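So for the sequence shown, the UniProt record's numbering puts the first residue at 1; every next one is plus one.
For each residue, glycine too, the CB sits at the ideal point set by N, CA and C.
Please read these numbers as outputs of a predicted model, since none were measured by experiment.
Before any comments, here is the structure.
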Amino acid sequence: MEASSEHMLQVHGSKKMDSTVLDCFTVLGNNNEKSRIDAGVKLLEHVFVKQADFEGGDLCSELQYTLKRLICGVASSRVTARKGFFTALVGFAFFFSIYISKGCSRNSKKELHATNVSKSVTDIYAGHIFVYGALIRSGLLLKGSAEDMTLVFNGLLETGAKRSYLVFPAHIFLITLLEKIEKESFHDTIWPLLKNSVKPLAEESLEMLHFLLIGRSKFPEVVKKKFLTNNVGSPEIIHENFADLCQTSNGNTVRTASDFNHPVHEEFCKQLVKYPLLRAFWEQGIEVQLEKPSESKKIIAIEMFYYILKHLEDKSQVPHLLTPRFVDMVLKSLEKLWRKLVSKNDRVCSRVHEVFVNYMITTTLKEGKIKDKTILKTVKKLCFDAGGDVMFDRESGTKVVANLMGMLKESGVKKMAEMFGDVITGMSGKKGGLDGEEPRAWNNKEKIYAADVFARLLGQPAVIGEMEWKTEQLKFLLNKGLFYSAMNEQGEAPVGGLLADALKQTFFRALNQRMPKMENVRTVLNALVKHVNKIIEAGKHLLRQPLASEVMTSWQKLVATSESLERKIEKGKNVMLARVFHTMFLYMGLQLLADPKLADDALAELYSCYERAEKERKEKKLEKKEERSEIGVEEENEPQWVEVAVDLILSLLSQSSKIPRNMLDMFFFHLSPHLTGPALGQIIQVLDPAAQDSPLSNSLNEEDEMSDDDDDDNENSGEDSGEESDSSEVSDVEGEEEETVNDKFRMDIQQALGSAATQTDTESVDIDEMDEEEGKKLDAALSLAFKKYKATKPNKNTKKQVKDDRILMHFRIRAVDLLEIYLKSEHAGTEASLGSYIDIMLVLFSLLEFCIRDSHQKPLENKVRFDASRLSSARKNVSLQGETEETIANALRSLMEMGEKTTGPVFLDMGHKVVECCTFLVKCSQKLPVRTEDNSPIIEIYRNALVNFFTKRDCLHQQNLFKSVLEIVWEGNWTLVPLLIHFAFDPEIRPFRRNQALYLLTIFFRNRRIRNIPDLAQIAELKLKDIETSLSQSAIKFLELQVADGSRKPGRQVKQKFMHELFVLFVTIWHSYGEGKKGGNSIDWSTFGKVLVSYREKFDLTAEAKTSFNKLARVLNVTWTSIPKDKKQEVKDKFNDLENSGENENMEVSSDEEEEMEDQDNEEEETGTTKKSKKNKKKEKPRKKPENKAKLKKRSRELRFDSLSKGLEDVTFSGLDGNVEVGMEGGSDSESEVPNGLVNGKKHEKLHKRKSDVSVDNERTHKKKK
């Protein structure tokens, strides 16, 4: 009877619930977490209302039914279902704690028992655990009686013991209860259940150890020392004897994988770091356990290491954790992961990398403000102690030591350099291994790696100003790498040839590291040269590569020149230029010791440049001596030294110079703060492709003579086997260049003819119809075109020309690298002039256009694009001193006029960079003083560009040109926005342009900074009022015209895309005023909403437009009545009758479709890759057309064919001869009299073409039959 009543109650409760509410139980098992939460909230709301309306004091039937369903659900075999039902059960237990304090336990025993055939025994046990856990998580158990708490705690202990894999989830809930429980409750209910199960630590389980740790720390008055001494064997859980404790917590007691993440490990480490026993525990526990490592022991070790780092406050204890066996385990794990010997998801290796590399470096040490002493101890443990490796980073594939190196301060860097210096000299040795290996000396591989680390230490930011210390370390590398002594210094191992070569390379690599100032470079180099000269003169040390007599002469000449320049600098004569030459001579002098031939040639070039510069300086000094005496003003003895230095660098780059590029780059980096306009102009002139004289004319002429001699020798000898292949390659290149020149020549002719250029071969131009003035213009244009053709026509010596172009390209790449150094260099207290930026910008775009036209210039093109991007980002401080708005306007005009001077594809390719630079110039103009005049030339340029963009079909500007300025706060936007409103609703503008106008208006209204800037807010509100009023009136008028139209279809010029953009625009305006003030006061929202509803009731929308309309209707709080299906069918029938009434409407529809296709083509050209991606999406989801629309088209086509065939029923062509077609084509007069428009014009031409094709096919068929 009781079971029957229970069943009836359950059925009664389910019937009272709506089907949508019952579906919530199904959704609770969904894989989507958000769906599960929403279903639980919906179910809770429904039951809460029912329980509130229930008059009885007990549970309502809906709540009883829901509670039973949730209890059954937590015993599901699916994990996602358990999560959903458990979350809902916790919520119900929290909100209905008054009603179900005892119901959960009673229902769980009733619903979850072994006789339930629909559940497995394991799921039933898990269900009990989750029911108890819900009572704990909701806080319901803490409000209950001590009897309930005892029942739940004991139930969790017993149920968790049923299966080994249920221990962990049951223990998690028990720990949650212990953390929330009060002292009295713990003493009365929990501790009596636990104290009888306490065993010695060696036999204790992880769960009981966790209980004891929490009980002792939280309730020391309950868990007393006396009890622990009698039952555990020590007064504290954490004590000096770690043997028993480690036996409990090590990997030997692991039962399941969940034990690796058991919370007892974190709790133990959390309490351990408070005791002075951390080092002892690590050495006696973890280190001893790793003597015979296993996977479980490794995981436990790295987890314990992580938890200690997480809770450790004294970060100086970290090196004590890096014991030999632990470091060895870490190194081997990282090496396996780096060499891909294990999967990247390997449990041990991936966790070691996560903890040791990421967490220890980025969190523990970097954020802990570690002292240098701790970092040095850590490096010593990793690189020099047993278990470590001096090449730790290379062997592990990480940057642990490198990151530690970057944390060091000045004194720490010096001490670390001393440690690795001892490796190079052999003063220290590698310690013995873990398996009893004997200590040994460092091998060459380890010494070479130590030298590399040593060089990196010299470039650390902490010692960037320590010039004296850095000079001494460079002398150390210089002595070891370039010299040797018959008697080694005491304690130092001899340096072999392999190590010496590596040290020599390390020395020059360290020498190339950047220093704060060029004077620092000169000081260091001067000290090194003097040091080398002193060693050579003393004769105690010998060069490993002895210098020949002529090289020794060069060295002596260098030393003399260096001393002479040094005296000039000390006297203050021509100081800056002398410093440049002095630095270059010193650098190349050291190169004499490494590569004598290359350095000797480079020094000869330097001597030549130096003598020429001195000669020019003296001549200028004599020329201006008389002027200075007349004026009475003393001028500097070093006029324009920066220009001379830049000219020297360009001269060396233009030749096949032997001077290393990195040296020239280093010098130019130090010259960047001193660059003047003329000095920068020298580089710009080299890059200008429109320059008449080649920047390599002198050097190329010399090479041309040499190549001519070589060619003559090859022709006379005739024995080279590869001559034929070379000639064939030359002919191929020649042919390609002739084709390119012919194409350019043809384009120039067409541009010269202009409107007179014929579009097809059959058309012609009557010269007699031209007047005399047009004829003169045509003659001048054709003459200029033929001159260009003659100038660009390739010579016979094509091979030499191609070689020259390649040399020029590489030279320009080097020059662009100089500009990149100038743009990147950020020297303290220096600013770049905007005028110099504009000059660089214009020449880069001219060069970019030149590179795009020539496919061989691709390497240079990539460099130019990169520099243009860096230029527009303007990381350096830009100085506007002396600049006017007209200067910026001229630069903008030059950039925008490129679309008129260049071809379409070329300008579109570089259009993105043009947009970036134009926006950069606009931002710079905002920093100029405010103009008193209203007409700004910059605003006028953008206004004209916007008008051309919307009115001219051949305009090549991109939409982003205006989008980028509408996104910023610029006064010119007040001029552009009214124009956009006008173009958006102008029916004469092409449809896709009107869509873009609405999109740009949306971008403008999304810019909330206009209203948020206090200084502009008042002015902005007034101007926004006029703009919103104009927009509101235009939109309402447009919608009223559409509604007033009698057709059920939108007009030809109105596309669904336009309506979508219009709806999005007004939604944006509504939301642009923030949460407190929705919508603009200047927009007549009431009228607009009414017209909007009228439009929607009349017209159907696409899915995209419908979505945006619904958003707008929601914010305006308007509703509309949809047309019933039967009425829609009546309208379609009427429309069908109209379609069948005649053919004129079909002709209009076809013309509309052609117009639409044309607009789509224009839009594709404008949007580029964005449009292609949209097409791909449309291909993925094909659009389904209604069947009735297809039938409608088919019916209208049949009626059109019937109307066209009237009067032709009796006409046949069966006896017509094929030759008659010739006569028909010739009879144009008779054909022109036919009134049917489909036979005239182009349609008629297509008809003849089809007939001719049919006749050809008939002829081919007739031949095959024969």
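(request) Go through its chain and collect everything with a Cβ distance to I129's Cβ below 6 Å, but skip five positions before and after it. (result) T159, P169 and A170
(request) Following the continuous alpha helix (DSSP H) through F962, name the residue where it begins and the one where it ends. (result) N960 to L966
(message) To the nearest angstrom, how far is the alpha carbon of E602 from that of P660?
(response) This sequence places Ala at residue 602; Glu is not what is there. Each residue's Cα considered, the two are about 9 Å apart.
(request) Under 7 Å Cβ to Cβ from S964, same chain only, skipping five residues before and after it: list those, please. (result) V915 and T919
(request) Can you have a look at G572 and say buried or exposed, based on whether 16 or more other CB atoms are within 10 angstroms of its CB? (result) exposed
(request) Could you name the residues that DSSP lists as bridge partners for R440? (result) K430
(message) Here's the rule I'm using: 16 or more other beta-carbon atoms within 10 Å means buried, otherwise exposed. How should G1089 be labelled?
(response) buried
(message) Relative to the C-alpha of E266, which candidate in E240, A301, Q289 and E283 has its C-alpha closest?
(response) A301
(message) Check for me: the beta strand (DSSP E) holding S485 runs from which residue to which?
(response) F483 to S485
(request) Can you check DSSP and say which residues form a bridge with L543? (result) F483
(request) Kindly indicate which three-state DSSP category G285 falls into: helix, strand or coil? (result) helix
(message) Rounding to the nearest angstrom, what Cα-Cα distance links I71 and I124 in this structure?
(response) 10 Å
(request) Note the first and the last residue of the continuous alpha helix (DSSP H) segment covering S1082. (result) Premise fails: S1082 is in no alpha helix (DSSP H) and is neither H nor E.
(message) Helix, strand or coil, according to DSSP, for V223 in the structure here?
(response) coil
(message) For L848, which residues in the same chain have their Cβ closer than 6 Å to its Cβ, ignoring the five residues on either side in sequence?
(response) V864 and M910
(message) Measuring straight from C-alpha to C-alpha, what distance separates Y607 and A945?
(response) 55 Å
(message) Taking only three categories from DSSP, how would you classify V74?
(response) coil
(request) Classify F268 as buried or exposed, calling it buried when 16 or more other Cβ atoms lie within 10 Å of its own Cβ. (result) buried
(message) I need the straight-line Cα distance from E566 to V575, nearest angstrom please.
(response) 9 Å
(message) By the three-class DSSP mapping on this structure, what secondary structure does A832 have?
(response) strand
(message) Determine whether the beta carbon atoms of P200 and G233 lie at a separation below 7 Å.
(response) yes
(request) Please report the residue range of the alpha helix (DSSP H) in which L565 lies. (result) S549 to K571
(request) Would you check if there are 3 or more beta carbon pairs closer than 8 Å linking the region 976 to 992 to the region 1030 to 1044? (result) yes
(message) To test your reading of the DSSP string, which unbroken alpha helix (DSSP H) runs of 4 or more residues are found completely within the region 983 to 1057?
(response) 991 to 1006, 1009 to 1012 and 1014 to 1044
(request) Could you check the C-alpha separation between D688 and F454 for me, to the nearest Å? (result) 44 Å
(request) Kindly list the residues whose CB is nearer than 7 Å to the CB of E283, restricted to its own chain and excluding five residues on each side of it in sequence; keep chain order. (result) T323
(message) Which residue wins for smallest C-alpha separation from H674, given the options Q685, E831 and T553?
(response) E831
(message) Do A462 and K409 have their beta-carbon atoms positioned less than 7 Å apart in this structure?
(response) yes
(message) Using a Cβ-Cβ cutoff of less than 6 Å, which residues in the same chain neighbour T364 once the five nearest sequence positions on both sides are dropped?
(response) L309
(request) Go ahead and label E1028 buried or exposed: buried means 16 or more other beta carbons lie within 10 angstroms of its beta carbon, across all protein chains shown. (result) buried
(message) Buried or exposed for T798, going by 16 or more other Cβ atoms inside 10 Å?
(response) Confidence is the limiting factor: at T798 the pLDDT is only 46, short of 50, which leaves the residue's position unreliable and the question unanswerable from this model.
(request) Take the Cβ of F866 as the centre, count every other Cβ of all protein chains shown within 10 Å, and call the residue buried at 16 or more, exposed below. (result) exposed
(request) Under the assumption that T1102 contacts Q1056 (Cβ atoms under 8 Å), give the Cβ distance between them as a whole number of angstroms. (result) 4 Å
(message) Between which two residues does the alpha helix (DSSP H) holding V646 run?
(response) W641 to S654
(message) Tell me the rounded alpha-carbon separation between E354 and N345.
(response) 11 Å
(message) I'd like to know if the region 385 to 397 and the region 331 to 339 are in contact, where contact means that at least 3 CB-CB pairs between them fall below 8 Å.
(response) yes
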